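Peer 1:
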Amino acid sequence: MGNESELGPRIHLASLGCAKNLVDSEKLLGRLATAGAIVGAPAEEADIVIVNTCGFIGPAREESIRTILDYSDLRTSGSIKKLIVMGCMAERYADALKSDLPDVDVFFGLHAHRDILEACGLLPNAESDDARLLLTPPHMAYLRISDGCDNRCSYCTIPLIRGPFKSRSPEAILAEANDLVRSGVRELVAIGQDTTSYGKEFQQPYPIHRLLRELSKIEDVRWIRLLYTHPAHFTHELVAEYAENPKLCAYVDIPLQHLNDNILRRMKRRVSQADCLDLINRLRAQVPDIAIRTTFIVGFPGETDSRFNELLNLVRDIRFDHMGAFAYSPEPDTPAATLPNQVPTDVIEDRLQALMLAQQAIVFEKNDAMIGKTVEVLIDEPTEEDGIWIGRTQSQAPDVDSVTYVIGETLEAGQFVHADVIQTEDYDLLAKA
Numbered sequence: 001m002g003n004e005s006e007l008g009p010r011i012h013l014a015s016l017g018c019a020k021n022l023v024d025s026e027k028l029l030g031r032l033a034t035a036g037a038i039v040g041a042p043a044e045e046a047d048i049v050i051v052n053t054c055g056f057i058g059p060a061r062e063e064s065i066r067t068i069l070d071y072s073d074l075r076t077s078g079s080i081k082k083l084i085v086m087g088c089m090a091e092r093y094a095d096a097l098k099s100d101l102p103d104v105d106v107f108f109g110l111h112a113h114r115d116i117l118e119a120c121g122l123l124p125n126a127e128s129d130d131a132r133l134l135l136t137p138p139h140m141a142y143l144r145i146s147d148g149c150d151n152r153c154s155y156c157t158i159p160l161i162r163g164p165f166k167s168r169s170p171e172a173i174l175a176e177a178n179d180l181v182r183s184g185v186r187e188l189v190a191i192g193q194d195t196t197s198y199g200k201e202f203q204q205p206y207p208i209h210r211l212l213r214e215l216s217k218i219e220d221v222r223w224i225r226l227l228y229t230h231p232a233h234f235t236h237e238l239v240a241e242y243a244e245n246p247k248l249c250a251y252v253d254i255p256l257q258h259l260n261d262n263i264l265r266r267m268k269r270r271v272s273q274a275d276c277l278d279l280i281n282r283l284r285a286q287v288p289d290i291a292i293r294t295t296f297i298v299g300f301p302g303e304t305d306s307r308f309n310e311l312l313n314l315v316r317d318i319r320f321d322h323m324g325a326f327a328y329s330p331e332p333d334t335p336a337a338t339l340p341n342q343v344p345t346d347v348i349e350d351r352l353q354a355l356m357l358a359q360q361a362i363v364f365e366k367n368d369a370m371i372g373k374t375v376e377v378l379i380d381e382p383t384e385e386d387g388i389w390i391g392r393t394q395s396q397a398p399d400v401d402s403v404t405y406v407i408g409e410t411l412e413a414g415q416f417v418h419a420d421v422i423q424t425e426d427y428d429l430l431a432k433a
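Numbering (my numbering), first residue to last: 1 to 433.
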């Protein structure tokens, strides 16, 4: 069993789910460390294990439960003194989880960091409120600009878990961004449930393109990346900002979810196929080298063979740079769960495979076309092989996209280098600095 030192308990935190959850974990770790805890201990040497759960969809909840059960063995054996579960799944399902997971000492939902500190035997202090301990490489950080969502897509539980949309103040965001850059961060990745709705509730307009422009004025920031946009809220001004702002990565994440008009209406996406195609065309016209990432849901209720084939053919025509796809699963308390014409699981799996194979062929062709080109790469970390590093171009977002392996003897993490692409490695690139 880990022994509590004079500085406080040894704490191990497992963070599951999306980048928004990761920011929650980083802020909690910062507050724990400021309050005197020893954070980052291996689970087997910890006094307390905290699991920050994801509850967005069924597979995410299953992963959260498996993780909790793994740590429950340490709690049962007495190796750890306390097991704490927090986050989205605990926010929504705490009552059911208490009976199903009896080895967990306490459950906390969202916005309960002070209570968690107290459960760890620590006293919150004023300094801890703004503390943050990055779990990313020190040169890159996620910057949460909002929380919650008002879109109410028919399949989505985010409003039930995270509540209504709320923008952070620009003053708070810019202050945090400046602190991060002073600490060595060179890539800021703006995130939220719907980043394109930023500032909509302010009395004085402060739209997302203005926030991006203000962030770019921070002298030592090199790249700014925008994730989690919504096609219904992607303005002409934001497209222009991409064209005009040299620090804004030529990369955009637009989860389209589908491209058949009937399915888009059933999803309550508030956009049409024509709207989505127009946005893509405007982006490519004004930012010719832009990389577009999207995600789709396959097997949504009412998705017939013809409606799926329409999506499949459009994916082949549009040729996205990156694409994720998910099998639809009905979520409790969502309108989509009660829609007629639910699609059988085996049909969903076949369609998912067909869509991903189509995208794979597109990516491999795009990668082959990169051979011989020079790209700017941000070095993230070394590989286990001497002289080969893992990095990313502007076209590659952290965690969700492919990477660029760079050959170079004198490189270091956080360095920007120009490298010549010499080979492809399936989804990844190999380049020489």
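C-beta atoms are modelled at their ideal positions from N, C-alpha and C, and glycine is treated no differently.
Predicted model only: the values in this text are computed from it and were never measured.
Within the region 165-245, note down every full alpha helix (DSSP H) run reaching 4 residues or more, in order along the chain.
Peer 2: Whole alpha helix (DSSP H) segments, 4+ residues: 170-182, 208-216 and 236-244.
Peer 1: Are the beta-carbon atoms belonging to residue 48 and residue 9 less than 8 Å from one another?
Peer 2: The residue you call residue 48 lines up with position 48 of the sequence shown. The residue you call residue 9 lines up with position 9 of the sequence shown. Their beta carbons are under 8 Å apart, which means residue 48 touches residue 9 by this criterion.
Peer 1: For the structure I just gave you, are there three or more beta carbon pairs, one from the region 149-165 and one from the region 112-120, closer than 8 Å?
Peer 2: Flag = no, the region 149-165 and the region 112-120 do not touch.
Peer 1: Tell me whether the region 83-96 and the region 44-61 touch, counting them as touching only if at least three CB pairs, one residue from each stretch, are closer than 8 Å.
Peer 2: Taking 8 Å as the limit for Cβ pairs, the verdict is that the region 44-61 does touch the region 83-96.
Peer 1: Given a cut-off of 8 Å on the beta-carbon distance, is the pair residue 195 and residue 242 in contact?
Peer 2: Residue numbering aside, residue 195 sits at position 195 when the sequence shown is read from its first letter. Residue numbering aside, residue 242 sits at position 242 when the sequence shown is read from its first letter. No, Cβ-Cβ distance for residue 195 and residue 242 is not below 8 Å.
Peer 1: Going by DSSP, what residue range makes up the beta strand (DSSP E) through residue 405?
Peer 2: Residue numbering aside, residue 405 sits at position 405 when the sequence shown is read from its first letter. Looking at the DSSP string, the run of the beta strand (DSSP E) that includes residue 405 is 404-407.
Peer 1: Alpha carbons only, please: which of 212, 192, 145 and 139 is nearest the one belonging to residue 185?
Peer 2: Stepping through the sequence shown from its first residue, residue 185 is reached at position 185. For residue 185, the nearest C-alpha among the options comes from 139.
Peer 1: Below 8 Å, can you find three or more Cβ-Cβ pairs linking the region 137-151 to the region 160-170?
Peer 2: Counting Cβ pairs under 8 Å, three or more are found: they touch.
Peer 1: If you follow the alpha helix (DSSP H) that residue 263 is part of, which residue opens it and which one closes it?
Peer 2: Here residue 263 corresponds to residue number 263 of the sequence shown, with the count starting at 1. 261-267 is the extent of the alpha helix (DSSP H) around residue 263.
Peer 1: Which term fits residue 11, buried or exposed, when burial requires 16 or more other beta carbons within 10 angstroms of its beta carbon?
Peer 2: Stepping through the sequence shown from its first residue, residue 11 is reached at position 11. The residue is buried, with at least 16 neighbouring Cβ atoms inside 10 Å.
Peer 1: Using the Cα positions of residue 1 and residue 75, report the straight-line distance between them to the nearest angstrom.
Peer 2: Along the sequence shown, one-based indexing puts residue 1 at 1. Along the sequence shown, one-based indexing puts residue 75 at 75. For residue 1, the predicted model reports a pLDDT of 42, less than 50, meaning its position is unreliable; a value from the coordinates is still stated below. C-alpha separation (whole angstroms): 10 Å.
Peer 1: Would DSSP call residue 272 helix, strand or coil?
Peer 2: Position 272 of the sequence shown, counted from the first residue, corresponds to residue 272. Coil.
Peer 1: In whole angstroms, what is the alpha-carbon distance linking residue 56 and residue 88?
Peer 2: What you label residue 56 is simply residue 56 of the sequence shown in a count that begins at 1. What you label residue 88 is simply residue 88 of the sequence shown in a count that begins at 1. Going from the Cα of residue 56 to the Cα of residue 88 covers about 7 Å.
Peer 1: Between residue 208 and residue 231, is the Cβ-Cβ spacing less than 8 Å?
Peer 2: Here residue 208 is taken as the residue at index 208 of the sequence shown, counted from 1. Here residue 231 is taken as the residue at index 231 of the sequence shown, counted from 1. No, Cβ-Cβ distance for residue 208 and residue 231 is not below 8 Å.
Peer 1: With a threshold of 7 Å, establish whether the CB of residue 400 neighbours any heavy atom of the ligand FMN.
Peer 2: Questions concerning the ligand FMN fall outside what the structure shown contains, since it holds no ligand whatsoever.
Peer 1: What is the rounded straight-line gap between the Cα of residue 352 and the Cα of residue 325?
Peer 2: Against the sequence shown, residue 352 aligns to sequence position 352. Against the sequence shown, residue 325 aligns to sequence position 325. One C-alpha to the other measures close to 7 Å.
Peer 1: Between residue 190 and the rest of its own chain, which residues show a CB-CB distance below 6 Å, the 5 nearest in sequence each way excluded?
Peer 2: For this step, residue 190 is matched to residue 190 along the sequence shown. Once the five neighbours on either side are set aside, the close Cβ partners of residue 190 are 143, 145 and 226.
Peer 1: Once DSSP output is grouped into helix, strand and coil, what is the label at residue 12?
Peer 2: As a working mapping, residue 12 is identified with position 12 in the sequence shown. Looking at residue 12 - three-state DSSP - the assignment turns out to be strand.
Peer 1: To the nearest angstrom, report how far apart residue 443 and residue 36 are at their CA atoms.
Peer 2: This structure leaves residue 443 out entirely; the chain is present only between 1 and 433.
Peer 1: Who are the Cβ neighbours of residue 214 in its own chain at under 8 Å, not counting the five residues just before and after it?
Peer 2: Locating residue 214 in the sequence shown gives position 214, where the first residue counts as 1. Counting only Cβ-Cβ distances below 8 Å, and skipping sequence neighbours, we find 170 and 174.
Peer 1: Closest to residue 410 by CA distance: which of 305, 379 and 420 is it?
Peer 2: Taking the sequence shown and counting its residues from 1, one reaches residue 410 at position 410. Closest option to residue 410, Cα to Cα, is 379.
Peer 1: Mind checking which residues open and close the beta strand (DSSP E) that includes residue 341?
Peer 2: Numbered from its first residue, the sequence shown carries residue 341 at position 341. Element bounds for residue 341: n/a, residue is neither H nor E.
Peer 1: From residue 23 to residue 396, what distance separates their C-alpha atoms?
Peer 2: Translated into the one-based positions of the sequence shown, residue 23 becomes position 23. Translated into the one-based positions of the sequence shown, residue 396 becomes position 396. Each residue's Cα considered, the two are about 20 Å apart.
Peer 1: Closest to residue 296 by C-alpha separation, out of 430, 260 and 202, would be which residue?
Peer 2: Numbered from its first residue, the sequence shown carries residue 296 at position 296. Among 430, 260 and 202, the Cα nearest to that of residue 296 belongs to 260.
Peer 1: Let me know the secondary structure DSSP gives residue 414 once reduced to three states.
Peer 2: Numbered from 1 along the sequence shown, position 414 holds the residue referred to as residue 414. In the structure shown, residue 414 sits in coil (DSSP, three-state: anything other than H, G, I, E or B).
Peer 1: Which of the three DSSP states, helix, strand or coil, is assigned to residue 315?
Peer 2: Here the question's residue 315 lines up with position 315 in the sequence shown. Three-state DSSP puts residue 315 in a helix.
Peer 1: Does the pairing of the region 300-307 with the region 340-354 give three or more beta-carbon distances under 8 Å?
Peer 2: At 8 Å Cβ cutoff, the stretches touch.
Peer 1: Spatial neighbours of residue 41 within its chain, please: C-beta separation below 7 Å, excluding the five flanking residues on both sides.
Peer 2: As a first step, residue 41 must be located in the sequence shown, where it is residue number 41. 2, 10, 11 and 12, listed in sequence order.
Peer 1: Relative to the alpha-carbon of residue 429, which residue among 386, 334, 385 and 377 has its alpha-carbon at the smallest distance?
Peer 2: Against the sequence shown, residue 429 aligns to sequence position 429. Nearest of 386, 334, 385 and 377 to residue 429, Cα basis: 377.
Peer 1: Taking residue 298 as part of the beta strand (DSSP E), name the residues at either end of that continuous run.
Peer 2: Working through the sequence shown from its first residue, we reach residue 298 at position 298. First-last of the beta strand (DSSP E) with residue 298: 291-298.
Peer 1: Between residue 108 and chain C, is the shortest Cβ-Cβ distance under 8 Å, so that the two count as touching?
Peer 2: Of the protein chains in the structure, only one exists, and it is not chain C.
Peer 1: Could you check if residue 21 is buried or exposed, using at least 16 other CB atoms within 10 Å of its CB as the buried criterion?
Peer 2: For the purposes of this step, residue 21 is identified with residue 21 of the sequence shown, where counting begins at 1. Result: buried.
Peer 1: From what residue to what residue does the beta strand (DSSP E) around residue 142 run?
Peer 2: Taking the sequence shown and counting its residues from 1, one reaches residue 142 at position 142. Run containing residue 142: 140-144, per the beta strand (DSSP E) assignment.
Peer 1: Compare the C-alpha of residue 167 against each of 187, 27, 193 and 278 and name the closest.
Peer 2: Start at 1 with the first residue of the sequence shown, and residue 167 comes out as number 167. For residue 167, the nearest C-alpha among the options comes from 193.
Peer 1: Report yes or no: do three or more beta-carbon pairs, one from the region 368-375 and one from the region 307-325, lie closer than 8 Å?
Peer 2: In short, these stretches do not touch, since the Cβ pair count stays below three.
Peer 1: Are residue 289 and residue 337 close, meaning C-beta to C-beta below 8 Å?
Peer 2: Residue numbering aside, residue 289 sits at position 289 when the sequence shown is read from its first letter. Residue numbering aside, residue 337 sits at position 337 when the sequence shown is read from its first letter. Going by C-beta atoms, residue 289 is not nearer than 8 Å to residue 337.
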